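There are 2 protein chains.
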Amino acid sequence: MSRTRKPAPKIARPAPSLADYAKGIRAGNRAVLARAITLVESSRADHQALAQALLTKLAPHTGGAIRVGISGAPGVGKSTLIDALGLYLVKRGHKVAVLAVDPTSLRSGGSILGDKTRMARLAAEENAYIRPSPAAGKLGGVARMTRETMLLCEAAGFDAVLIETVGAGQSETLVADMVDFFLVLVLPGAGDELQGLKKGMIELADMIAVTKADGENIARASAARAEYAAALHVLAEPHAHWKPGVAVVSAKEDTGLDALWKAIERHRMLLNERGLLAETRKAQSVRALWSHVDDALLSRLRAAPRVQALLPKIERAVAAGRLTPFLAAVRLLTAYEQRSARPRKIK
Amino acid sequence: MSRTRKPAPKIARPAPSLADYAKGIRAGNRAVLARAITLVESSRADHQALAQALLTKLAPHTGGAIRVGISGAPGVGKSTLIDALGLYLVKRGHKVAVLAVDPTSLRSGGSILGDKTRMARLAAEENAYIRPSPAAGKLGGVARMTRETMLLCEAAGFDAVLIETVGAGQSETLVADMVDFFLVLVLPGAGDELQGLKKGMIELADMIAVTKADGENIARASAARAEYAAALHVLAEPHAHWKPGVAVVSAKEDTGLDALWKAIERHRMLLNERGLLAETRKAQSVRALWSHVDDALLSRLRAAPRVQALLPKIERAVAAGRLTPFLAAVRLLTAYEQRSARPRKIK
Chain U
2 MSRTRKPAPK IARPAPSLAD YAKGIRAGNR AVLARAITLV ESSRADHQAL AQALLTKLAP
62 HTGGAIRVGI SGAPGVGKST LIDALGLYLV KRGHKVAVLA VDPTSLRSGG SILGDKTRMA
122 RLAAEENAYI RPSPAAGKLG GVARMTRETM LLCEAAGFDA VLIETVGAGQ SETLVADMVD
182 FFLVLVLPGA GDELQGLKKG MIELADMIAV TKADGENIAR ASAARAEYAA ALHVLAEPHA
242 HWKPGVAVVS AKEDTGLDAL WKAIERHRML LNERGLLAET RKAQSVRALW SHVDDALLSR
302 LRAAPRVQAL LPKIERAVAA GRLTPFLAAV RLLTAYEQRS ARPRKIK
Chain C
2 MSRTRKPAPK IARPAPSLAD YAKGIRAGNR AVLARAITLV ESSRADHQAL AQALLTKLAP
62 HTGGAIRVGI SGAPGVGKST LIDALGLYLV KRGHKVAVLA VDPTSLRSGG SILGDKTRMA
122 RLAAEENAYI RPSPAAGKLG GVARMTRETM LLCEAAGFDA VLIETVGAGQ SETLVADMVD
182 FFLVLVLPGA GDELQGLKKG MIELADMIAV TKADGENIAR ASAARAEYAA ALHVLAEPHA
242 HWKPGVAVVS AKEDTGLDAL WKAIERHRML LNERGLLAET RKAQSVRALW SHVDDALLSR
302 LRAAPRVQAL LPKIERAVAA GRLTPFLAAV RLLTAYEQRS ARPRKIK
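Protein chains in written order, with this note's numbering: chain U, 2 to 348; chain C, 2 to 348.
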């Protein structure tokens, strides 16, 4: 049992071997799982090598979970809903992993504190595992870490993975591209009270859920459901295999969770029947590959001293219209080409 | 006058100098403009160099147009609306350039034939210039050509640029990122008749226009307007400086064009007042720079023989889950690094 708040110390204990890690994770050992995740999140080259070897070894045992992304503006009740939905799933025999992608934690340099406090009921469950957002690095790196953590959790037997994202920046797109189902939470309201949705959310949403539908909110939640449903109907892409709908839930009263989860299962069944689940996941993996390549190429170019020397001037000239974007690109690429030819280490 | 269907032959006439091009374009000479656009669309290195020099020289004379992107599914009446809107603008003293980004022309290898036939009334106007979609190269290249053609048209005195895109693939995103205002056309209808919108369109739309609102369509157009307006209201991002609305137009009866254009002008005024027009265009230019850099880096990597040899196997292994996306990326990058160190020409 390692329901401790801090990740396991890295030096104190003898380092497990690749086989130890694989065996421990397959046995559902939470301490080993936590330690493997710290490998995935480490920037040390030897940790990375071990992490990738482990992921390769465990690959045949991954993919078994329903992967759900959950997003929404601050205050919409994400943690409370995840707490309730997680408990609902645990009670039905699922093993639930909760991960997070929080770009604000990148800025503050610290991961979300108190994830387990925010999801107090779920954190106490044997069959739930809550892991805060990785804090270090760039968003692309965090996406990789979260994706790989999800795979480790699947190998450890978790069959439902909920990935929370705070609905800011590019994190939703990244999370949507690693899950099977993307759920967007909104507050109850009607007419001018409706809070609207952040740009891009409609495109990602497989479902909208109106939260806090309890007590005096019930009528407003129902009105919100009708308005969002009408909007989604108007905007629904023709011939799409799945039409996003609107659920109404109360984490406080545990209502609506059953209908919500049944919709998620129906979506999965539909994808499965049409062979789309496997296809989607394959395409996601290949996109992740290209996203890593793209990130690496761009960050190498940006890191080249000649490019760094040139860049501020070039961007100013382009913004001011003194230099065409194409010529500017050629100059940056030329500066990059002239970099020293010494072999460099792959990051 | 060069209202001919074919671009001017490239060899037959003596090549104008940079100064000739600049002078001819500034004088509004359509033959010179057409010839300059063929430079922009040419893949020959000397043409490209001349085109970039010309764009640099003309830069102080660009930026004067209202730039409008217009999209919608096939059959929605894009050409007919552009014909009518163009005529409306010409009659109000505007000089109108109509450009197109048609990714289907990339596949067929030919540009849209008959653009001038589809916009017969506008094509006959002295103060209108219709240029079909560039046909060669990749979408990123077409985006660059269209962007640069727009700048040449501005330097030639065109103060309204309408860029048509066929509503397929990634072309809308590219067009939306080179214009001030993005208009999405939909057919009249109501309830289950509504055709819905392609994913991504809502995020891009500064306005939706219901087309063909004439004759027996009027009631259905009005119903569609109400439904789209309600949907946009529900989905409107809070605190946005511009709330997309719905216009109703008939190109056949020339109705609604005035209200549509006034909305576009209001949007521009609003952006101007807040200093957002200049900001947006600067940001667009810098994004164009990075998009060129990104395209070039990725296409170089993809073109490297060692990468090409490895790529099919790697993508298959990633799709099958035998190789992690991160390891796959490292392998491709390593193969790329091992490429011959001979200096290569900047594309």
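Ideal Cβ positions, reconstructed from N, Cα and C, are used throughout, including at glycine. Being a predicted model, the structure only gives us computed values, none of them experimental.
Among U/Val308, U/Ala310, U/His293, the one whose alpha carbon lies nearest that of C/Val331: The residue you call residue 331 of chain C lines up with position 330 of the second sequence. Of the listed residues, the one whose Cα sits closest to C/Val331 is U/His293.
Three-state secondary structure assigned by DSSP to C/Leu114: Working through the second sequence from its first residue, we reach residue 114 of chain C at position 113. Its pLDDT being 49, under 50, C/Leu114 is placed unreliably by the model, and the measurement read from it follows with that caveat. Coil at C/Leu114, not helix or strand.
Buried/exposed call for U/Asn218, threshold 16 Cβ in 10 Å: Along the first sequence, read from residue 1 onward, the residue named residue 218 of chain U stands at position 217. U/Asn218 is classed as buried because its beta carbon has at least 16 other beta carbons within 10 Å across all chains shown.
Beta carbon of U/Phe159 nearer than 8 angstroms to that of U/Ala60: Here the question's residue 159 of chain U lines up with position 158 in the first sequence. Here the question's residue 60 of chain U lines up with position 59 in the first sequence. For U/Phe159 and U/Ala60, no; Cβs fall outside 8 angstroms.
Nearest to U/Val187 (by Cα), restricted to the options C/Gln196, C/Arg303, C/Val235: For this step, residue 187 of chain U is matched to residue 186 along the first sequence. The shortest C-alpha to C-alpha distance from U/Val187 to any of C/Gln196, C/Arg303, C/Val235 is the one to C/Val235.
Nearest to U/Ala54 (by Cα), restricted to the options C/Glu338, C/Leu333, C/Phe327, C/Gln339: For this step, residue 54 of chain U is matched to residue 53 along the first sequence. Among C/Glu338, C/Leu333, C/Phe327, C/Gln339, the Cα nearest to that of U/Ala54 belongs to C/Phe327.
Contact set for U/Leu51: own chain, Cβ-Cβ below 7 angstroms, skip 5 residues either direction: Here the question's residue 51 of chain U lines up with position 50 in the first sequence. Within its own chain, the residues whose Cβ lies closer than 7 angstroms to the Cβ of U/Leu51, once the five positions on either side in sequence are excluded, are Leu19, Leu40, listed in chain order.
Inter-residue spacing [alpha-carbon to alpha-carbon] between C/Leu324 and U/Pro133: The count along the second sequence starts at 1 and reaches residue 324 of chain C at position 323. The count along the first sequence starts at 1 and reaches residue 133 of chain U at position 132. Cα to Cα, C/Leu324 sits roughly 26 angstroms from U/Pro133.
Short CB-CB distance (under 8 angstroms) between U/Leu312 and chain C: Within the first sequence, residue 312 of chain U is the residue found at index 311, counting from 1. No - not a single Cβ of chain C is within 8 angstroms of the one on U/Leu312.
C/Asp21 at chain U interface by Cβ criterion, 8 angstroms: Along the second sequence, read from residue 1 onward, the residue named residue 21 of chain C stands at position 20. With its beta carbon at least 8 angstroms from every one in chain U, C/Asp21 lies outside the interface.
Close beta carbons around C/Arg269, own chain, < 8 angstroms, minus the five adjacent residues each side: Taking the second sequence and counting its residues from 1, the one referred to as residue 269 of chain C is at position 268. Non-local C-beta neighbours of C/Arg269 in its own chain, meaning closer than 8 angstroms and more than five positions away in sequence, comprise Ile67, Asp181, Phe182, Leu278, ordered along the chain.
Rounded separation between C/Val361 and C/Arg317 - CA only: With chain C represented from 2 up to 348, any question about residue 361 of chain C goes unanswered, as that position is not in the structure.
Close-in-space but distant-in-sequence residues of the same chain around C/Glu126 (CB under 6 angstroms, 5 per side omitted): Within the second sequence, the letter at position 125 stands for residue 126 of chain C. Excluding positions up to five away in sequence, the list reads Val91.
Neighbour-count burial assignment, C/Gln339, 16 or more Cβ in a 10 Å radius: Within the second sequence, residue 339 of chain C is the residue found at index 338, counting from 1. Exposed.
Spatially closest choice to C/Leu298 from U/Ala304, U/Ala74, U/Arg288, U/Leu334, by CA coordinates: Position 297 of the second sequence, counting from 1, holds the residue named residue 298 of chain C. Measuring C-alpha to C-alpha distances from C/Leu298 to each of U/Ala304, U/Ala74, U/Arg288, U/Leu334 identifies U/Leu334 as the nearest.
Proximal chain U residues relative to C/Lys283, where beta-carbon distance stays under 7 angstroms: Translated into positions along the second sequence, residue 283 of chain C becomes position 282. Result: Ala320.
C/Gly246 - containing alpha helix (DSSP H), residue span: For the purposes of this step, residue 246 of chain C is identified with residue 245 of the second sequence, where counting begins at 1. Careful: C/Gly246 lies outside any alpha helix (DSSP H), inside the beta strand (DSSP E) at 246 to 249.
Within-8 angstroms CB hit, C/Gln171 to chain U: As a position in the second sequence, residue 171 of chain C is number 170, starting the count at 1. No - not a single Cβ of chain U is within 8 angstroms of the one on C/Gln171.
Min CB distance U/His293 to chain A below 8 angstroms: In the structure shown, chain A cannot be found, because the protein chains are U and C.
Near-chain C residues of the segment 231 to 262 of chain U - C-beta to any C-beta below 7 angstroms: Listed by position along the chain: Ala231, Ala232, Val235, Leu236, Ala237, Glu238, Pro239.
Proximal residues to U/Lys244 (C-beta, below 6 angstroms), its chain only, five neighbours per side dropped: Taking the first sequence and counting its residues from 1, the one referred to as residue 244 of chain U is at position 243. Counting only Cβ-Cβ distances below 6 angstroms, and skipping sequence neighbours, we find Ala237.
Beta carbon of C/Met120 nearer than 8 angstroms to that of C/Ser72: In the second sequence, the residue the question calls residue 120 of chain C occupies position 119. In the second sequence, the residue the question calls residue 72 of chain C occupies position 71. Against a cut-off of 8 angstroms, the Cβ pair of C/Ser72 and C/Met120 comes out as no contact.
U/Arg288 versus C/Ala124 - alpha carbon distance: If you number the first sequence from 1, residue 288 of chain U lands on position 287. If you number the second sequence from 1, residue 124 of chain C lands on position 123. Straight-line Cα distance between these residues: approximately 43 angstroms.
Which residues DSSP lists as bridging C/Val235, in chain order: Position 234 of the second sequence, counted from the first residue, corresponds to residue 235 of chain C. C/Val235 is not bridged to any residue.
is_contact[C/Glu316, chain U] using C-beta, thresh 8 angstroms: For the purposes of this step, residue 316 of chain C is taken as the residue at position 315 of the second sequence. Answer yes: the Cβ-Cβ gap between C/Glu316 and chain U drops below 8 angstroms somewhere.
Minimum C-alpha distance to C/Asp47 - residue among C/Ala16, C/Glu165, C/Val33: The residue labelled residue 47 of chain C in the question sits at position 46 within the second sequence. Considering only alpha carbons, the answer is C/Ala16.
Residue from U/Thr212, U/Arg275, U/Ser172, U/His95 whose Cα sits closest to the Cα of U/Ala101: Position 100 of the first sequence, counting from 1, holds the residue named residue 101 of chain U. Closest option to U/Ala101, Cα to Cα, is U/Ser172.
Other residues of its chain near C/Gly25: CB distance less than 6 angstroms, five sequence neighbours each side excluded: Reading the second sequence from its first residue, position 24 is the one you call residue 25 of chain C. If you ignore the 5 residues before and after C/Gly25, its C-beta comes within less than 6 angstroms of the C-beta of Val33, all in its own chain and listed in chain order.
Members of the segment 41 to 53 of chain C near chain U, C-beta cut-off 7 angstroms: Residues are counted here when their Cβ sits less than 7 angstroms from a Cβ of chain U; for the segment 41 to 53 of chain C these are Gln53, given in chain order.
Buried or exposed (CB count within 10 angstroms, at least 16 for buried), U/Arg145: Counted from its first residue, the first sequence places residue 145 of chain U at position 144. By the neighbour-count definition (other C-beta atoms within 10 Å, threshold 16), U/Arg145 is a buried residue.
Rounded separation between C/Gly197 and U/Arg122 - CA only: Reading the second sequence from its first residue, position 196 is the one you call residue 197 of chain C. Reading the first sequence from its first residue, position 121 is the one you call residue 122 of chain U. The alpha-carbon separation between C/Gly197 and U/Arg122 amounts to approximately 41 angstroms.
Minimum Cβ-Cβ distance from U/Ala157 to chain C less than 8 angstroms: For the purposes of this step, residue 157 of chain U is taken as the residue at position 156 of the first sequence. For U/Ala157, the answer is no, since every Cβ of chain C falls outside 8 angstroms of its Cβ.
Buried versus exposed call for U/Gln309 [16 or more other C-beta atoms within 10 Å across all chains shown]: By 1-based counting over the first sequence, the position of residue 309 of chain U is 308. The residue is exposed, with fewer than 16 neighbouring Cβ atoms inside 10 Å.
Length of the line joining the Cα atoms of C/Ala222 and U/Asp295: To locate residue 222 of chain C, count along the second sequence from 1; it is residue 221. To locate residue 295 of chain U, count along the first sequence from 1; it is residue 294. Near 45 angstroms, if we compare the C-alpha coordinates of U/Asp295 and C/Ala222.
Pick from C/Gly201, C/Pro306, C/Tyr130, C/Ala329 that is closest to C/Ile38, judged by C-alpha positions: Mapped onto the second sequence, residue 38 of chain C falls at position 37. Closest by C-alpha distance to C/Ile38, out of C/Gly201, C/Pro306, C/Tyr130, C/Ala329, is C/Tyr130.
Contacts around C/Gly111, its chain only, beta-carbon distance under 7 angstroms, and the 5 residues preceding and following it disregarded: In the second sequence, counting from the first residue as 1, residue 111 of chain C sits at position 110. Any reading at C/Gly111 is ruled out, since the residue's pLDDT is 40, under 50, leaving its predicted position unreliable.
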